[in-house]
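These notes concern the structure reproduced below.
Numbering (this note's numbering), first residue to last: 62 to 578.
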């Protein structure tokens with residue numbers, strides 16, 4: 062909740078705003094609050110103590126995720142900052158909470174800074190300066206994610222102005238400019254994912270998606286190869302091709318390459334599911350489900366955004382991104398329930414439900430990933446709507462055959478606040494997808510229970526060796542807009558920042574997974 066304390070009436074809207082933090086115990090209404098070091102210096106040097114005095118007079122200290130605004134708080138007749146937002150950061154001793162699997166201090170910074178920047182943007186502020194609040198990277202993430210809007214399709218005269226962001230620091234202070242830059246890069250990656258997710262499916266067909274990727278990544282130093290339907294046929298990707306054959310839009314396979322170190326080093330392979338629209342095929346989805354199915358290419362968008370972030374941060378790691386793109390719609394050539402298709406490795410797949418096409422698309426891409434002798438394979442997709450019943454928006458689901466990869470992605474998610482949670486990858490579920498007598502595997506499996514686990518077990522059939530992790534982002538694809546102050550209602554762009562952080566951590570020798578030679 063945002064409260065306004067107006068000190069002076071201004072005819073013109075604020076042109077420059079400042080965000081500073083205050084520590085306070087949210088359970089104690091009488092807690093007088095302690096400004097951050099940067100906030101205290103501003104309070105003493107620029108307002109002669111007036112900011113803290115008026116803040117305490119205005120009532121209990123703001124809580125985490127709240128901001129309180131003060132206008133013309135500086136004694137000058139024309140103040141440098143026409144509005145100052147004081148944001149609540151909770152207790153000063155907050156940190157890693159093992160029960161929440163979250164660094165609560167960093168998350169409080171994101172939430173509160175985002176809340177302040179959003180209300181300042183609504184006041185037509187041209188420029189917002191944000192102090193580091195104890196962690197510049199988190200402050201940058203909260204600010205950049207909070208003010209982002211998808212308005213590319215609006216007329217230019219109807220677009221809402223977006224303020225510029227800067228790190229607040231005085232010459233006599235030590236500021237974390239590198240942390241601020243890293244935070245902006247990660248937030249820009251998530252915003253790119255959100256932008257691709259939000260684009261209408263008639264404007265973001267497989268071909269249009271490929272064109273967008275070429276425009277975005279080639280100028281970032283990432284190589285993009287666009288492979289067409291004939292190439293997929295030559296690779297025997299019959300499972301992938303079966304899904305897209307009902308659409309008039311031809312399927313496309315993208316191969317992204319980033320070389321941050323010597324070319325001989327084994328790459329991390331990222332596989333992103335690229336269903337630019339998923340109607341469910343002949344097993345048509347319900348009407349209420351179809352609205353958000355333009356976002357069924359979340360995995361592809363995450364891979365594209367991660368590649369750009371890794372290149373922007375110049376991380377010394379090799380990345381290969383594989384993105385199968387197609388549409389799953391109804392047509393005269395639609396794949397039918399009971400049809401059999403062969404994957405690249407010759408396994409026959411019985412299609413029991415055409416609405417579970419996600420695993421079919423990923424299967425051939427996972428097999429193709431083996432050609433690069435990868436350190437590890439991470440695939441991102443939206444394979445099971447039942448993830449929403451299991452976790453709601455709290456975390457993306459993770460399935461992996463590597464304890465090391467799990468610990469590393471878990472640690473990365475704790476740092477970014479975009480959490481993940483591990484699900485079992487037991488033989489129990491593998492037996493369910495192998496139970497049919499007519500084929501090697503089934504894309505649905507017997508019975509209805511355990512759908513996310515069965516989808517992962519199906520994918521595991523196409524990972525012959527090596528360390529692999531599957532991230533199911535179905536439940537975090539869309540946000541209702543009130544769980545996180547830094548994410549407006551709509552497409553969420555998750556788990557982009559967590560995956561970027563995971564890749565960055567693999568570079569550190571003492572935390573990197575010990576992968577088999």
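Where a beta carbon is used, it is the ideal one built from N, C-alpha and C, also for glycine.
Contact check for residue 409 against residue 343 fails: the beta carbons are separated by 8 angstroms or more. Non-local C-beta neighbours of residue 542 in its own chain, meaning closer than 6 angstroms and more than five positions away in sequence, comprise 549, 550, ordered along the chain. DSSP, reduced to helix, strand and coil, places residue 445 outside both helices and strands of the structure shown, so it counts as coil. Of the other Cβ atoms in all chains shown, fewer than 16 fall within 10 Å of the Cβ of residue 161; this residue is therefore exposed. When secondary structure is reduced to three states using DSSP, residue 114 falls in the helix class.
Taking all protein chains shown into account, residue 555 has 16 or more neighbouring C-beta atoms within 10 Å of its C-beta and is therefore buried. No Cβ-Cβ contact shorter than 8 angstroms links residue 122 with residue 298.
For residue 103, the enclosing alpha helix (DSSP H) stretches over residues 98 to 108. The C-beta distance from residue 563 to residue 465 rounds to 12 angstroms, too long to meet the 8 angstroms contact threshold. Secondary structure note for residue 457: its beta strand (DSSP E) is the uninterrupted segment 457 to 461.
Per DSSP, the beta bridge partners of residue 387 are 336.
The closest CA to that of residue 227, considering only 221, 209, 197, is found on 197.
Contact annotation: residue 182 and residue 206 have beta-carbon atoms that are not nearer than 8 angstroms.
Under the 10 Å beta carbon count, residue 167 is surrounded by 16 or more other beta carbons and is classified as buried. Cβ contact annotation for residue 254 (same chain, cutoff 7 angstroms, sequence separation greater than five): 362, 363, 366, 554, 557, in chain order. Per the DSSP secondary-structure output, residue 409 pairs in a beta bridge with 403. Closest by C-alpha distance to residue 360, out of 393, 485, 333, 146, is 333. The residues 444, 504, 516, 519, 520, in chain order, have a CB closer than 7 angstroms to that of residue 420 in the same chain once the five nearest residues on each side in sequence are set aside. When secondary structure is reduced to three states using DSSP, residue 381 falls in the strand class.
Take the alpha-carbon of residue 78 and the one of residue 99: they are about 15 angstroms apart. In terms of CA proximity to residue 417, 535 leads the group 535, 392, 348. In this structure, residue 315 keeps its C-beta atom at 8 angstroms or more from the C-beta atom of residue 380. Note on residue 523: 16 or more other CB atoms within 10 angstroms of its CB, so buried under the neighbour-count rule. Between the alpha carbons of residue 478 and residue 107 lies a gap of roughly 34 angstroms. The three-state secondary structure of residue 149, taken from DSSP, is strand. Residue 244 and residue 129 have their C-alpha atoms roughly 24 angstroms apart. The Cβ atoms of residue 529 and residue 437 lie closer than 8 angstroms to each other. Residue 506 holds the alpha-carbon nearest to the alpha-carbon of residue 399 among 140, 147, 506. Per DSSP, residue 425 is not a residue of any beta strand (DSSP E); the alpha helix (DSSP H) it occupies stretches across 419 to 430. Residue 467 is not a Cβ neighbour of residue 480, given a cutoff of 8 angstroms. In the three-state reduction of the DSSP assignment, residue 521 falls in the helix class. In the three-state reduction of the DSSP assignment, residue 357 falls in the helix class. In the three-state scheme derived from DSSP, where H, G and I count as helix and E and B as strand, residue 284 is classed as strand.
Per DSSP, reduced to three states, the secondary structure at residue 132 is strand.
A straight line joining the alpha-carbon of residue 313 with that of residue 104 spans about 57 angstroms.
Ranked by how close their Cα comes to the Cα of residue 513, the residues 155, 126, 486, 133 have 486 in first place.
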